[in-house]
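Worksheet: the structure to be examined is printed underneath.
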Amino acid sequence: MKVFVTGIGVVSAIGLTVDENYRSLLNKKSGITTLQLSVEQKSIKAGSIAKSNAELKQMLSISNGYFSRTSLLGIIAAEQAMGKNFHDKKLRTGFISSTSVGGMDETEKYYRQVLKNLPVDYNLTRTHDSGNTSENIAAYLKFSGYINTLSTACSSAANAIMLAARMIEQGKLDRVLVGGTDPITDFTIKGFQSLMIYDDEWCKPFDHNRNGLNLGEGAGFLLLESEQSINISDNAPICILTGWHNAADAYHQTASSPDGKGATIAMKNALNKANLEPDEISYINAHGTGTKNNDLSESIAIKNVFGKSIPPFSSTKAFTGHTLAAAGAIEAVYSVLAIKNSMHFSGLNYNEPLAETLMHPVTEPTPALTKHVMSNSFGFGGNNSSLIFSGI
Amino acid sequence: MYCIQSAATISHQPSFANLGFSSRLTKEIESLIKPDYKEFVPPALIRRMSEILRMAVASSNLALKDAGIEQPDAIITGTGLGCLYDTEKFLNNAITIEGGLLPPTSFIQSTHNTIAGQISLVLGNHQYNMTHTQNSLSFEHALLDTILMLDEKDGNILVGSADEAIAALQPIAAHFKLNTFPLTSGASFYVISKNRNEKTLAVVEACHTSAFYSSLENEIKEFMSTTGNKQIDFILNDGRNKDVMRLIEALFPNKCIINYSEICGLYTTNSAFAMHLATDIISNKTKQVQGKTINCHNRALILNTLLPERAGFIMIKSNEA
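Protein sequence lines correspond, in order, to chains A and B.
Following the working numbering, the residues of the first sequence are numbered contiguously, the last one being 414.
Following the working numbering, the residues of the second sequence are numbered contiguously, the last one being 327.
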């Protein structure tokens with residue numbers, strides 16, 4: 023059974039719509055800026071979205087209720103992907119989202135009140151759990167029935183897309199609105215700083231002198247449908263999700279293995295699932311966070327899978343920042359755009375290749391026939407996922 | 007046919023390495039049982055692990071041992087609130103310590119997939135590794151993923167869930183009046199496969215979740231009808247809502263209804279405890295639970311309505327049925 027992509031939505035530091043994101047990618051316009059979170063803290067480089075929660079609520083005509091920024095960003099992308107589709111009793115429609123921190127942005131506010139012995143607003147904690155993040159998005163779009171959330175750190179949304187595809191393939195659901203969302207929080211910024219992999223300067227994915235990642239925020243959503251579903255919805259398919267695989271690296275709690283074992287398994291099995299040979303991949307949207315460890319491990323894994331004929335590849339994280347759980351969905355949308363527009367997107371801030379692998383990422387947006395795109399997402403705890411999107 | 011080959015639960019009941027525990031439940035909710043973790047978790051790791059990780063790694067280890075499986079073909083977990091102890095610890099540090107570097111361990115161990123990730127690390131397992139976090143339905147979603155996977159290919163799936171109570175939850179629970187039962191911790195892990203054999207404790211017949219429905223009664227009726235209107239011998243419900251209990255009594259007259267939160271306390275994945283309890287009642291043919299009599303041990307329904315407008319259904323039957 024084929025799994026069609028019929029709708030896409032994205033909000034990130036490089037745009038509030040799919041078109042804005044696409045134009046920024048073509049114009050090599052990064053959304054990463056210098057950000058001062060509070061007066062006490064030193065400034066950082068991050069891909070933030072220049073809209074306050076109040077402004078986001080206004081955009082969505084939400085007047086009351088407690089919403090984490092996670093949900094608000096998710097709603098914007100999910101609504102775009104849902105487009106003009108409406109709920110139809112004939113179609114079993116599921117909703118799967120993903121997030122790494124859930125409503126941590128609101129929990130931080132609550133916890134500050136607690137620590138300062140201020141009167142506390144308990145309602146802030148209602149949005150803490152990841153499930154609530156998704157339920158708020160689902161409720162806004164009037165979903166009911168199967169509503170689920172995955173959380174596997176930075177591979178979350180790729181896994182959500184994979185689960186949605188499996189549900190459709192097995193005939194458990196006819197269509198799924200699926201994606202991921204994460205905001206910038208103190209928690210995650212300080213977390214990656216504590217790991218000493220937060221670059222104070224602009225991140226440089228796949229560059230020899232890379233020095234860590236910049237965080238970003240955003241959300242991406244896709245509408246996936248079965249053939250039977252598009253016969254009823256009459257949606258025009260944009261492309262097909264043909265391959266997917268998730269594998270554990272089982273090497274270290276945070277670091278990727280030096281031989282890229284989990285990533286290699288994920289990519290190879292995604293190719294098998296799609297019934298493709300490695301040389302049929304037109305472009306890889308790599309995980310490419312810009313950390314010393316990820317980019318080396320991923321490069322080695324790509325070599326393991328593709329040998330000497332490595333397809334054009336790049337990481338778009340120097341545009342958006344690393345949007346954690348949302349990354350897999352945002353980059354899935356970019357992969358769909360690569361196919362739709364026959365375009366290989368570039369990275370940014372690249373000067374020289376890794377001495378160990380001598381692999382050159384795409385440095386200029388390049389028009390080229392793009393039939394099959396691989397999108398990689400690797401998370402903490404060695405959670406490695408690869409997706410493959412294919413033209414119709 | 008989804009066969010429960012083993013079950014291991016660390017809870018506030020004597021549920022760990024104790025077949026037939028359903029006949030030996032304590033009347034009051036006692037403290038969390040603490041097995042000799044050195045037997046189940048690599049000693050070098052224990053020190054750094056929070057309670058939730060110890061519980062999960064130990065119960066997954068026992069579940070694999072009891073099923074006679076060295077490497078599962080997938081590790082699928084559910085957690086409602088995740089690794090709260092480490093999350094709070096890092097949150098506290100992030101807010102209170104200005105400047106300078108924070109110790110990273112609690113950040114590393116704060117992510118929801120630390121649980122499944124740790125299990126894969128301990129086993130050196132490279133298979134599918136997933137974490138579902140849908141609040142009160144997290145375990146049901148993990149179980150649904152397990153069923154999906156077994157429908158795709160045969161294998162031995164390690165599926166389970168874990169949640170932990172921390173002190174910071176108390177005032178929040180009190181404010182929202184969620185403390186009708188004590189807030190507790192628990193981890194349950196199962197090996198589920200398609201091979202029915204002498205090890206099979208019980209069989210999962212169906213699992214279903216539903217959110218934002220308009221009528222629970224209709225949801226229950228629809229679940230029963232899509233699963234073939236089978237005869238249910240006893241029902242386990244979270245017991246938080248008296249109206250729901252009355253509805254169950256009306257829909258399943260004269261059936262034993264067990265209130266499982268009264269037995270294991272309240273945590274977002276306590277339906278995973280309920281599935282172990284039901285499995286044990288069925289395989290042990292336990293006649294008395296909570297002072298109620300169970301005469302027939304063929305089929306049980308676990309109906310999880312811990313949160314309003316969200317329902318989880320798990321139907322299990324005896325290996326002989």
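Glycine residues also receive a C-beta, built at the ideal position from the N, C-alpha and C atoms.
Of the candidates B/241, B/215 and B/270, B/215 places its Cα closest to the Cα of residue 314 of chain B. Counting only residues of its own chain and dropping the five nearest sequence neighbours on each side, residue 239 of chain B has a CB closer than 6 Å to the CB of 302, 304 and 305.
Residue 165 of chain A sits buried, since 16 or more C-beta atoms from the chains shown fall within 10 Å of its C-beta. Sequence-ordered contacts of the region 215–249 of chain A with chain B read 215, 216, 217 and 218 [C-beta pairs closer than 8 Å].
Here the C-alpha atom of residue 174 of chain A lies approximately 31 Å from the C-alpha atom of residue 37 of chain B. When beta bridges are read from the DSSP output, residue 262 of chain B appears opposite B/240. Taking 4 residues as the shortest admissible run, the region 69–114 of chain A contains the following complete alpha helix (DSSP H) segments, listed from N- to C-terminal end: 75–81 and 91–104. Rounded to the nearest whole angstrom, the CA to CA distance from residue 227 of chain A to residue 151 of chain A is 32 Å. Interface criterion not met: the Cβ of residue 313 of chain A is under 9 Å from no Cβ in chain B. Residue 219 of chain B reaches chain A at 166, counting residues in chain order whose Cβ is nearer than 7 Å. It is roughly 12 Å from the alpha-carbon of residue 135 of chain A to the alpha-carbon of residue 98 of chain B.
Scanning its chain for C-beta atoms nearer than 7 Å, with the 5 sequence neighbours on each side dropped, one finds around residue 116 of chain B the residues 89, 92, 93 and 96, in chain order. In this structure, residue 197 of chain B sits away from residue 21 of chain B, with a CB-CB distance that is not shorter than 9 Å. The shortest C-alpha to C-alpha distance from residue 317 of chain A to any of A/258, A/106, A/336 and A/24 is the one to A/336. At least one CB atom of chain A sits nearer than 9 Å to the CB of residue 134 of chain B. Boundaries of the alpha helix (DSSP H) around residue 280 of chain B: 276–290.
Residue A/312 holds the alpha-carbon nearest to the alpha-carbon of residue 223 of chain A among A/312, A/94 and A/206. With a cutoff of 9 Å on beta-carbon distance, residue 186 of chain A and residue 202 of chain A are scored as not near each other. The beta carbon of residue 373 of chain A sits closer than 8 Å to those of 226, 229, 230 and 231, all from its chain and outside the five residues before and after it, given in chain order. Check the Cα spacing between residue 380 of chain A and each of A/287, A/339 and A/331: the tightest is with A/331. Beta-bridge analysis with DSSP links residue 216 of chain B to B/317. Considering only beta carbons, no part of the region 297–326 of chain B lies closer than 7 Å to chain A. For residue 293 of chain A against residue 265 of chain A, the beta-carbon gap comes to about 6 Å, under 8 Å, which counts as contact. Contact note: residue 275 of chain A reaches chain B through 114, 115, 120, 123, 124 and 127, using a C-beta cutoff of 8 Å and chain order. For residue 175 of chain B, same chain residues with a beta-carbon under 6 Å away, outside a window of 5 residues either side, are 189 in chain order. Residue 19 of chain B is classed as buried because its beta carbon has at least 16 other beta carbons within 10 Å across all chains shown. Secondary structure remark: continuous beta strand (DSSP E) runs of at least 3 residues inside the region 174–224 of chain A, in chain order: 197–204. If you ignore the 5 residues before and after residue 206 of chain B, its C-beta comes within less than 8 Å of the C-beta of 9, 10, 11 and 325, all in its own chain and listed in chain order. Of the candidates A/45, A/247, A/215 and A/323, the residue whose Cα lies closest to the Cα of residue 233 of chain A is A/215.
The three-state secondary structure of residue 131 of chain A, taken from DSSP, is helix. Residue 325 of chain A carries a helical assignment under DSSP once its states are collapsed to helix, strand and coil.
The region 119–134 of chain B and the region 398–414 of chain A touch, with no fewer than 3 CB-CB distances between them shorter than 8 Å. Here the alpha carbons of residue 213 of chain B and residue 147 of chain B stand approximately 9 Å from one another.
For residue 305 of chain B, the enclosing beta strand (DSSP E) stretches over residues 305–310. Going by beta carbons, residue 116 of chain A and residue 153 of chain A fall outside the 9 Å limit. The beta-carbon of residue 174 of chain B is placed less than 9 Å from the nearest beta-carbon of chain A.
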